[in-house]
Amino acid sequence: MGFFIICAFILMCSLTLRYYHYQDYMSLPYPKAINAQVIAQYTKSKDNKPPYQVLKLRDEKGAIFYTTSKEDIRDLSHRFVRIYGKPLECDFRQYLQSCFFISYRISLESQRDYRDTFRSWIASQHTENLLARLYQTLFIADFLPYDLRMLSNKLGVAHLIAISGFHLGILSIVIGGFLGIFYGWYHRHFSYRNKFYDIGFITLSCMFLYLLVLNFSPSFLRSFVMALVGFLMLYSGIRLLSFKFLLVVVCLCLVLFPHLFFSIGFVLSVMGVFFIFLFVKYITLPHDRFSQWVVLPIVFNTNLYFNMQLIVHWFFPYFTPLSVVSIPLTLIFVIFFPLSLILHLVGVGGVFDSVFIWALDLKLDAIEFYTPQWLFLCYIGLCFGSIWRKECYYLLCVVCAGFFAYLCWQFYASGSSLWGVSV
Numbered sequence: 016m017g018f019f020i021i022c023a024f025i026l027m028c029s030l031t032l033r034y035y036h037y038q039d040y041m042s043l044p045y046p047k048a049i050n051a052q053v054i055a056q057y058t059k060s061k062d063n064k065p066p067y068q069v070l071k072l073r074d075e076k077g078a079i080f081y082t083t084s085k086e087d088i089r090d091l092s093h094r095f096v097r098i099y100g101k102p103l104e105c106d107f108r109q110y111l112q113s114c115f116f117i118s119y120r121i122s123l124e125s126q127r128d129y130r131d132t133f134r135s136w137i138a139s140q141h142t143e144n145l146l147a148r149l150y151q152t153l154f155i156a157d158f159l160p161y162d163l164r165m166l167s168n169k170l171g172v173a174h175l176i177a178i179s180g181f182h183l184g185i186l187s188i189v190i191g192g193f194l195g196i197f198y199g200w201y202h203r204h205f206s207y208r209n210k211f212y213d214i215g216f217i218t219l220s221c222m223f224l225y226l227l228v229l230n231f232s233p234s235f236l237r238s239f240v241m242a243l244v245g246f247l248m249l250y251s252g253i254r255l256l257s258f259k260f261l262l263v264v265v266c267l268c269l270v271l272f273p274h275l276f277f278s279i280g281f282v283l284s285v286m287g288v289f290f291i292f293l294f295v296k297y298i299t300l301p302h303d304r305f306s307q308w309v310v311l312p313i314v315f316n317t318n319l320y321f322n323m324q325l326i327v328h329w330f331f332p333y334f335t336p337l338s339v340v341s342i343p344l345t346l347i348f349v350i351f352f353p354l355s356l357i358l359h360l361v362g363v364g365g366v367f368d369s370v371f372i373w374a375l376d377l378k379l380d381a382i383e384f385y386t387p388q389w390l391f392l393c394y395i396g397l398c399f400g401s402i403w404r405k406e407c408y409y410l411l412c413v414v415c416a417g418f419f420a421y422l423c424w425q426f427y428a429s430g431s432s433l434w435g436v437s438v
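Just add 15 to the spot in the sequence shown (first one is 1) and you have this note's numbering.
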């Protein structure tokens with residue numbers, strides 16, 4: 016109870032600070048100037064009207080807002096700008112998500128993003144701009160272009176491209192394994208040191224530096240907080256794989272960063288961990304080497320794929336039966352991600368470009384289907400029931416399989432074909 020009282024107090028302080036920023040944002044006089052960084056820029060059009068530019072921006076206080084320009088401006092992605100204009104009517108709840116700012120004039124600032132060096136280094140290794148943007152999203156959480164976003168949504172691999180706890184886990188294993196090679200020599204000279212805590216501390220320090228590079232990406236932030244709290248709990252001898260632990264981490268993230276209440280990436284990340292905990296609690300496989308190294312990864316990823324379908328389709332509509340390829344791709348990604356990162360560090364990151372060019376040329380049919388509200392609420396109820404009853408978990412898995420079968424039926428009933436035609 017004391018923990019939740021403290022969380023409530025911190026949340027109140029966080030919201031008070033945000034509300035102060037909100038009042039400053041909405042305050043008169045108009046027009047006013049805002050300094051911000053362009054997170055993304057893309058072209059949109061309505062009806063038969065000329066296309067216009069949409070800019071997604073983050074101001075100095077971390078607030079997100081959008082503005083548009085009818086001028087044919089150059090690509091300002093990741094640049095810092097000064098915008099003169101006035102905010103459109105926006106309440107506090109909207110402010111925590113994003114507001115719209117009517118711009119009269121946009122001027123470019125001389126300040127540059129410290130990550131531009133990384134972007135240039137990545138781009139220099141690829142002949143296709145889209146592939147450079149893909150790796151920039153993968154490594155430094157940049158905005159994913161529309162074409163790549165559509166393809167990743169259809170194939171169900173958005174979780175591989177968007178930096179999350181999955182990536183943190185892979186990097187932690189790689190860094191921890193690398194440090195373990197040299198720790199034997201160190202331990203011979205400092206035998207009183209604990210290998211787990213030393214390597215864990217260094218690994219977490221590296222992940223914190225990476226979190227700074229990612230500019231506190233929501234899903235990676237959740238994962239880092241979870242890893243940090245888990246490390247401290249292990250140090251104190253407290254059991255980790257419990258739903259109370261997940262609740263503590265979620266509460267800490269939300270009270271410190273209230274905007275995460277409206278982050279889809281954060282919600283999906285938390286639900287992914289929730290289903291992992293359910294899997295560990297109820298699914299038991301033989302302890303022989305084949306089961307642990309071959310069967311377990313396949314069963315685990317297949318189970319997680321089906322469990323997430325209903326949640327994903329509450330937010331994103333696109334579906335094709337080919338999304339099942341995300342299961343083997345997730346297994347391959349465990350090797351691909353650290354390998355591609357190393358290849359980019361040594362300047363030969365374009366090794367796999369031909370594979371991605373082939374994938375980008377595919378035209379895939381997909382249907383649009385959102386999870387009905389009644390089904391979503393029933394599913395959430397089953398999720399909570401699964402914490403205490405294994406029967407609820409097994410029923411949850413049956414519902415997931417039925418939902419996937421229904422989506423496949425809808426796909427073929429719509430007249431869609433499994434493979435599109437290559438351009």
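Note that CB positions come from ideal geometry on N, CA and C, so glycine has one too.
For the segment 132-187, there is no continuous beta strand (DSSP E) assignment of 3+ residues that stays within its boundaries. Looking only at Pro332, Ile342, Ile21, the smallest Cα-Cα distance to Asn316 is reached by Ile342. Contact between Phe80 and Phe24 fails: their C-beta atoms lie close to 29 Å from each other, not under 8 Å.
With respect to the 7 Å criterion, Leu325 and Phe246 are not classified as neighbours on the basis of their beta carbons.
Excluding its 5 nearest sequence neighbours in each direction, Tyr161 has C-beta neighbours in its own chain below 8 Å: Tyr57, listed in chain order.
Residue state for Cys412 is assigned as helix, using DSSP reduced to three classes. Taking the Cα of Leu236 as reference, the smallest distance to any Cα among Leu275, Phe426, Phe258 is reached at Leu275. Looking only at Tyr99, Gln68, Arg97, Val96, the smallest Cα-Cα distance to Lys85 is reached by Gln68. Residue range 114-123 is occupied by the beta strand (DSSP E) that includes Tyr119. Residues of the same chain with a CB within less than 6 Å of the CB of Leu293, apart from the 5 flanking positions on each side, are Ser401, Tyr408 in chain order.
Apart from sequence neighbours up to five positions away, the residues of its chain that approach Leu91 with a beta-carbon distance below 6 Å are Val53, Gln56, ordered along the chain.
Its Cα nearest to that of Leu410, the residue Tyr297 stands out among Leu159, Tyr297, Ile382. The segment 260-268 and the segment 212-224 do not touch, with fewer than 3 CB-CB distances between them shorter than 8 Å.
For Thr83, the enclosing beta strand (DSSP E) starts and ends at 79-84. Annotated as distal: Leu170 and Ser42, with beta-carbon spacing of 7 Å or more. Its Cα nearest to that of Leu375, the residue Arg148 stands out among Glu75, Thr299, Arg148. Under the 8 Å Cβ criterion, the segment 137-157 does not count as touching the segment 117-127, having fewer than three qualifying pairs.
Remark: C-beta atoms of Ser234 and Ser179 approach each other more closely than 7 Å.
Going by beta carbons, Phe290 and Trp329 fall outside the 7 Å limit.
Around the beta carbon of Cys393, fewer than 16 other beta carbons sit within 10 angstroms, so the residue counts as exposed. Counting along the chain, Val53 sits inside the beta strand (DSSP E) bounded by residues 47-59. Counting along the chain, no beta strand (DSSP E) covers Phe399; the unbroken alpha helix (DSSP H) around it starts and ends at 388-401. Taking the Cβ atoms as the reference, Gly280 lies roughly 13 Å from Met323, outside the contact range of under 8 Å. DSSP, read as helix, strand or coil, puts Asp74 in strand. If you draw a straight line from the Cα of Tyr45 to the Cα of Lys405, it is about 59 Å long.
Leaving aside the five residues that flank Tyr198 on each side, the residues in its chain whose CB is nearer than 8 Å to its CB run, in chain order, Lys210, Asp213, Ile214.
The residue among His182, Phe272, Val285, Arg130 with its C-alpha nearest the C-alpha of His93 is Arg130. Taking C-beta atoms under 8 Å as the contact rule, His141 and Gly362 fail to qualify, at a distance of about 12 Å. Put simply, the backbone Cα of Leu243 is about 16 Å away from that of Val285. Taking the C-beta atoms as reference points, Leu224 is found no nearer than 7 Å to Ala156. When Trp403, Leu433, Thr386, Gly396 are compared, the shortest CA-CA separation from Tyr421 is found for Thr386. The three-state reading of DSSP puts Val96 in strand, counting E and B together. If you draw a straight line from the Cα of Val96 to the Cα of Ala51, it is about 6 Å long. In the three-state reduction of the DSSP assignment, Phe334 falls in the strand class, which pools E and B. The alpha-carbon separation between Leu26 and Ser135 amounts to approximately 39 Å.
DSSP, reduced to helix, strand and coil, places Val244 within a helical segment of the structure shown.
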